[in-house]
Amino acid sequence: MLSTLYYDYFRCNLKEYVGVDFPITAVIFYLTIGLILATFFIYVQNRTILYALKRLYKHKCLDEESAQTIEELHLTKHKFILHMLKGQSMLSHYVRRVPTRTEEDENTPVLLRKVDFRTDKFYLDENYFTRSKAIIDRGEEPISHPLLSSLCFLVVFLILFFTMPSILSLLF
Numbered sequence: 000m001l002s003t004l005y006y007d008y009f010r011c012n013l014k015e016y017v018g019v020d021f022p023i024t025a026v027i028f029y030l031t032i033g034l035i036l037a038t039f040f041i042y043v044q045n046r047t048i049l050y051a052l053k054r055l056y057k058h059k060c061l062d063e064e065s066a067q068t069i070e071e072l073h074l075t076k077h078k079f080i081l082h083m084l085k086g087q088s089m090l091s092h093y094v095r096r097v098p099t100r101t102e103e104d105e106n107t108p109v110l111l112r113k114v115d116f117r118t119d120k121f122y123l124d125e126n127y128f129t130r131s132k133a134i135i136d137r138g139e140e141p142i143s144h145p146l147l148s149s150l151c152f153l154v155v156f157l158i159l160f161f162t163m164p165s166i167l168s169l170l171f
């Protein structure tokens, strides 16, 4: 009984259909795990962006003259924020930097200069100010949103897990 159940539901190989010896339920399982991890990564990223925008708005960093360093904003311990400010991330759309000028940087364009978190100053971009203000006003997303999304992914996974082998056997 158990071996029949295992063969019917858990060992529906893709080799019969596409020539790959890999259980289709494993593909569904790994896609579900990837979706759940992506949901929580996006949740953490949105909270981090919100935190950085709140700090900049709280310190009134709204233009180049009022820009402040990372240390003045008390963000030196937040490695994820520092990583997001280095490259092209969602946070870099809302935040601009005022780089410090050195002799070797005179011929290098501003965007190609390395970020020096000790001396570079940061402020909210005026082009995205209304968007960043809307993000700040909206507040934090509750943890229930990614949890409910994960629960929905698990329900869909279980439905596919138990129905996909029989659907494929009907098709082929």
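Numbering that gives the first Met the number 0 numbers the first residue of the sequence shown as 0 and each following residue consecutively. Every residue, glycine too, gets a C-beta built ideally from N, C-alpha and C.
Backbone secondary structure at residue 117 - three-state DSSP: As a working note, residue 117 is residue 118 in the sequence shown. Coil at residue 117, not helix or strand.
For residue 163, which residues from the same chain have a beta carbon less than 8 Å from its beta carbon, with the 5 sequence-adjacent residues on both sides left out? Within the sequence shown, numbered from 1, the residue matching residue 163 stands at position 164. Contacts found: 11, 23, 24, 27.
Got a sec, what are the start and stop residues for the alpha helix (DSSP H) residue 132 sits in? Translated into positions along the sequence shown, residue 132 becomes position 133. Taken as a continuous stretch (DSSP letters only), the alpha helix (DSSP H) holding residue 132 covers 128-137.
Alpha helix (DSSP H) runs wholly inside the segment 23-86, at least 4 long, in chain order: Here the runs fully enclosed are 23-57, 78-85.
Given this structure, state the Cα-to-Cα distance separating residue 42 from residue 138, to the nearest angstrom. In the sequence shown, the residue the question calls residue 42 occupies position 43. In the sequence shown, the residue the question calls residue 138 occupies position 139. Rounded to the nearest angstrom, the two C-alpha atoms are 13 Å apart.
Since I believe residue 83 is in contact with residue 249 (beta carbons under 8 Å), could you give me their beta-carbon distance rounded to a whole number of angstroms? Here the chain covers residues 0 to 171 and nothing more, so residue 249 does not appear.
Along the alpha helix (DSSP H) that carries residue 91, what are the first and last residues, could you check? Indexing the sequence shown from 1 puts residue 91 at position 92. That run of the alpha helix (DSSP H) goes 89-93.
Restricting to Cα atoms, I'd like to know which of 61, 70, 77, 71 is closest to residue 50. Residue mapping note: residue 50 aligns to position 51 of the sequence shown, counting from 1. Taking only the C-alpha atoms, the option nearest residue 50 is 77.
With three or more beta-carbon pairs closer than 8 Å as the criterion, would you say the segment 112-124 touches the segment 50-62? Inter-segment contact for the segment 112-124 and the segment 50-62 is present: three or more beta-carbon pairs are separated by less than 8 Å.
What whole-angstrom Cβ distance do residue 31 and residue 161 have, given they're in contact under 8 Å? Numbered from its first residue, the sequence shown carries residue 31 at position 32. Numbered from its first residue, the sequence shown carries residue 161 at position 162. Residue 31 to residue 161, Cβ: 13 Å. No contact.
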